[in-house]
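With the working numbering applied, the sequence shown covers 69 to 442.
This report concerns only the one structure given below.
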Amino acid sequence: AMRPRALTDRACFDFERPPVVDGPRLHRDVPPERWCVSRSDLAHLRRLVGRRVLDGRLEPTERDTFDASDERIGPCIHTVNKQLIVPITEKAGRPSWALMLHPDGLLCDLFVTHGWAEGIYEFIDKVLNSWPREANHVYCCMLSNPQCLDIGGLIGSPRESPFARALLAAPCMLVVPNHSGSIYSRVWCAYEAFLAYSEAKVIKTATAPVKCLSYHLGLMALTMVLVFCAAWFPFESIDAEDIKWVDGLMYVLGSAPLIVASCIPFSPMTLALLYLNAAGAACSAAWFGTMLSADIFSRNIRVNGTVFGLMCGAATLVGEADRLWQIQGKDEAKQLRQGYTGSLRDAQSTEPEDKERIMCELAASGLEEEVNRA
Numbered sequence: 069a070m071r072p073r074a075l076t077d078r079a080c081f082d083f084e085r086p087p088v089v090d091g092p093r094l095h096r097d098v099p100p101e102r103w104c105v106s107r108s109d110l111a112h113l114r115r116l117v118g119r120r121v122l123d124g125r126l127e128p129t130e131r132d133t134f135d136a137s138d139e140r141i142g143p144c145i146h147t148v149n150k151q152l153i154v155p156i157t158e159k160a161g162r163p164s165w166a167l168m169l170h171p172d173g174l175l176c177d178l179f180v181t182h183g184w185a186e187g188i189y190e191f192i193d194k195v196l197n198s199w200p201r202e203a204n205h206v207y208c209c210m211l212s213n214p215q216c217l218d219i220g221g222l223i224g225s226p227r228e229s230p231f232a233r234a235l236l237a238a239p240c241m242l243v244v245p246n247h248s249g250s251i252y253s254r255v256w257c258a259y260e261a262f263l264a265y266s267e268a269k270v271i272k273t274a275t276a277p278v279k280c281l282s283y284h285l286g287l288m289a290l291t292m293v294l295v296f297c298a299a300w301f302p303f304e305s306i307d308a309e310d311i312k313w314v315d316g317l318m319y320v321l322g323s324a325p326l327i328v329a330s331c332i333p334f335s336p337m338t339l340a341l342l343y344l345n346a347a348g349a350a351c352s353a354a355w356f357g358t359m360l361s362a363d364i365f366s367r368n369i370r371v372n373g374t375v376f377g378l379m380c381g382a383a384t385l386v387g388e389a390d391r392l393w394q395i396q397g398k399d400e401a402k403q404l405r406q407g408y409t410g411s412l413r414d415a416q417s418t419e420p421e422d423k424e425r426i427m428c429e430l431a432a433s434g435l436e437e438e439v440n441r442a
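The structure is reproduced here in structure tokens:
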């Protein structure tokens with residue numbers, strides 16, 4: 069039977085009447101390392117879920133009482149799977165979401181490990197925000213595994229499972245934290261982390277986009293503009309004999325707080341130092357700009373000083389962005405630790421047989437302690 073050609077424009081795909089394929093046969097013929105979706109597929113899925121939530125076709129449940137107006141977390145993946153993925157792929161002939169969109173498959177170069185308790189918006193936003201530049205196609209269990217088929221029958225031995233085969237093919241694994249608890253409290257996530265660690269894969273933690281990043285940077289930039297304007301006119305009245313002394317002061321004001329902020333441990337003091345440096349950089353640019361316009365002494369020195377002030381201002385904005393990214397990173401690390409005991413034996417599994425198989429494999433290999441450290 070001919071396979072429908074994968075559409076590169078996901079907006080052209082008719083999710084109401086998807087092309088019908090032989091799902092079981094596809095998953096026999098296409099190797100697991102090709103059960104992948106693209107970055108644009110994830111972005112379109114987010115929009116599709118949003119539309120289904122707004123028109124009431126994706127509803128809260130007793131288990132998942134999500135807020136339909138919330139754009140940050142969204143319905144949990146269990147809900148999305150039951151109310152969206154399963155019904156659509158059932159109509160398409162029971163393939164996975166990935167092979168429904170790409171019947172010939174896409175070779176895996178990014179593996180995502182995550183829990184199903186997270187919100188779909190939370191998950192997709194973190195993956196898209198942290199997508200490695202070199203990656204093209206991602207294996208994600210909710211989209212890569214056929215949700216309408218016997219998934220347990222596909223797993224067998226943990227190392228021969230579709231998860232493991234896709235992970236072994238990918239050079240990079242992305243760990244996606246969530247607000248509800250550590251993914252490492254789930255046995256498959258812990259096993260995937262161990263497998264990636266033992267195979268020397270690059271392991272990255274996904275982070276959400278920094279909330280109000282533009283606002284924070286804009287506020288600091290506005291501070292610099294206001295200080296620059298406020299300092300310009302008073303600087304015009306400085307006596308000529310004081311100019312060299314003020315030159316040195318401006319170089320210090322425009323850079324010293326930033327240097328100190330980069331040397332001390334991250335703390336609330338960092339923000340104060342960055343704002344101090346923003347004001348100092350603005351004063352520096354205003355001072356050297358004033359002297360340049362007045363054509364006092366060496367023009368080259370004034371040009372260099374003005375450029376120095378502008379560069380210090382730009383560096384301060386970069387420092388503020390880095391501070392916000394550090395805060396976000398700490399939040400993600402906290403989510404990874406939430407509920408994690410440090411022992412794989414405490415990890416949970418929806419299917420007790422899965423945990424038993426994983427523990428038997430690890431016990432036989434003598435790597436249980438290594439898993440716990442990983």
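A virtual CB, placed ideally from N, CA and C, is assigned to each residue, including glycine.
Predicted model only: the values in this text are computed from it and were never measured.
Contact under 8 Å by Cβ, residue i with residue j
i              : j              : result
methionine 292 : glycine 387    : no
alanine 274    : valine 243     : yes
valine 255     : leucine 412    : yes
tryptophan 103 : proline 226    : no
leucine 175    : serine 106     : no
histidine 146  : aspartate 132  : yes
threonine 384  : alanine 349    : yes
histidine 112  : glutamate 186  : no
serine 361     : glycine 377    : no
glutamate 190  : isoleucine 141 : yes
serine 164     : leucine 211    : yes
glutamine 396  : glycine 249    : no
leucine 281    : alanine 432    : no
proline 325    : leucine 294    : no
From the options, residue whose alpha carbon lies closest to that of residue i
i              : options                        : result
serine 253     : Trp184, Gly124, Leu94, Asp218  : Trp184
glutamate 127  : Cys297, Cys144, Leu290, Ala111 : Cys144
proline 302    : Asp422, Gly357, Glu267, Ser323 : Gly357
methionine 318 : Met168, Asp132, Ala354         : Ala354
proline 87     : Ile395, Pro214, Met168         : Met168
leucine 321    : Leu342, Gly124, His170, Thr147 : Leu342
arginine 85    : Glu424, Ala234, Gly161, Ser266 : Gly161
cysteine 285   : Trp393, Arg115, Ser164, Gly124 : Cysteine is not the amino acid found at residue 285; the sequence shown has leucine there. When each option's Cα is compared against that of leucine 285, the closest is Trp393.
aspartate 177  : Arg405, Leu152, Ala264         : Ala264
aspartate 315  : Ala329, Val328, Asn372         : Asn372
aspartate 172  : Leu94, Ile332, Tyr189, Met210  : Leu94
glutamate 228  : His247, Arg120, Glu260         : Glu260
alanine 453    : Phe191, Ala347, Met427         : Residue 453 falls outside the range modelled here, since the chain spans only 69 to 442, and no answer is possible.
glutamate 437  : Glu101, Phe262, Phe81          : Phe262
methionine 379 : Ser323, Asp422, Gly142         : Ser323
asparagine 197 : Leu110, Arg125, Ala258         : Leu110
Element boundaries [alpha helix (DSSP H), containing residue i]
i                : result
leucine 412      : Taken as a continuous stretch (DSSP letters only), leucine 412 belongs to no alpha helix (DSSP H), as it is neither H nor E.
tyrosine 189     : 188-197
tyrosine 283     : 281-303
isoleucine 271   : That residue, isoleucine 271, is in no alpha helix (DSSP H); its beta strand (DSSP E) goes 270-273.
histidine 146    : 145-148
tyrosine 252     : Note, tyrosine 252: premise wrong, no alpha helix (DSSP H); not H, not E.
phenylalanine 83 : Unbroken run through phenylalanine 83: none, as it is neither H nor E.
alanine 111      : 107-122
leucine 174      : No alpha helix (DSSP H) holds leucine 174; DSSP gives it neither H nor E.
arginine 162     : That residue, arginine 162, is in no alpha helix (DSSP H); it is neither H nor E in DSSP.
valine 328       : 324-331
arginine 102     : Unbroken run through arginine 102: none, as it is neither H nor E.
aspartate 232    : For the record, residue 232 in the displayed sequence is alanine; it is not aspartate. Here the alpha helix (DSSP H) through alanine 232 covers 230-237.
Start-to-end residues for the beta strand (DSSP E) that takes in residue i
i                 : result
phenylalanine 134 : Taken as a continuous stretch (DSSP letters only), phenylalanine 134 belongs to no beta strand (DSSP E), as it is neither H nor E.
leucine 460       : A query on residue 460 cannot be resolved here, the shown segment of the chain reaching from 69 to 442 and no further.
leucine 178       : 178-181
histidine 95      : That residue, histidine 95, is in no beta strand (DSSP E); its alpha helix (DSSP H) goes 91-97.
valine 206        : 205-207
CB-CB length for residue i against residue j, believed under 8 Å
i            : j              : result
proline 214  : glycine 91     : 6 Å
leucine 99   : arginine 201   : The amino acid at residue 99 is misidentified as leucine; the sequence shows proline. Not a contact, Cβ separation roughly 25 Å.
cysteine 208 : valine 180     : 5 Å
arginine 114 : isoleucine 219 : In fact, because the Cβ distance is near 24 Å, the residues do not count as touching under 8 Å.
Pairing CB atoms from the segment 148-166 with CB atoms from the segment 232-241, are three or more of them under 8 Å?
no
Stretch pair the segment 396-404 + the segment 261-280: three plus CB contacts closer than 8 Å
yes
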